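See below for the structure under consideration.
Numbering (the working numbering), first residue to last: 32 to 162.
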């Protein structure tokens with residue numbers, strides 16, 4: 032379910048509508064985007080996880096700002112704490128899970144020549160979405 036939040040005053044003085052999307056694991060809002068980059072605030076509900084996936088045209092950088100993230104990166108699991116960050120190279124299989132009973136919040140910075148939501152290859156999904 033994709034929603035657009037009413038326009039806000041953008042830091043550069045331009046109005047911009049925020050892109051907001053609910054997913055089975057939580058939700059995200061696009062905070063900013065421009066040529067070659069996109070910045071999201073992502074919330075992962077307690078006990079939920081995203082699909083195990085990869086992208087063919089974008090690199091991602093995650094910064095945990097609240098909670099802990101159980102990150103799987105090319106089959107290796109890492110516990111990432113508040114204030115820590117993870118780089119996900121183009122083509123790397125990855126997943127974020129929230130192992131705790133509080134909301135996980137992270138900032139995601141995407142870089143690449145194409146940042147559409149359809150640049151996703153799902154390798155495994157708990158919610159029955161297409162792989």
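Cβ atoms here follow ideal geometry from the backbone N, Cα and C, with glycine treated the same way.
Bear in mind the structure is a predicted one, so any value in this text is a computation, not a measurement.
To which residues of the same chain is residue 97 closer than 7 Å at the C-beta, ignoring the five residues directly before and after it?
-> Leaving aside the five residues that flank residue 97 on each side, the residues in its chain whose CB is nearer than 7 Å to its CB run, in chain order, 113, 134, 135, 136.
What residues in its chain sit with their C-beta under 6 Å from that of residue 32, if we drop five residues either side in the sequence?
-> With a pLDDT of only 49 at residue 32, under 50, the local geometry of the prediction cannot be trusted, and no value is derived from it.
Just the Cα atoms here: how many angstroms apart are residue 94 and residue 160?
-> Between residue 94 and residue 160, the C-alpha separation is close to 26 Å.
Would you grab the beta carbon distance between residue 153 and residue 84 for me? Rounded to a whole angstrom, and I think it's under 8 Å.
-> Taking C-beta atoms under 8 Å as the contact rule, residue 153 and residue 84 qualify, at a distance of about 5 Å.
Which residues in the same chain as residue 157 place their Cβ atom closer than 7 Å to its Cβ, once the five residues preceding and following it in sequence are excluded?
-> 80
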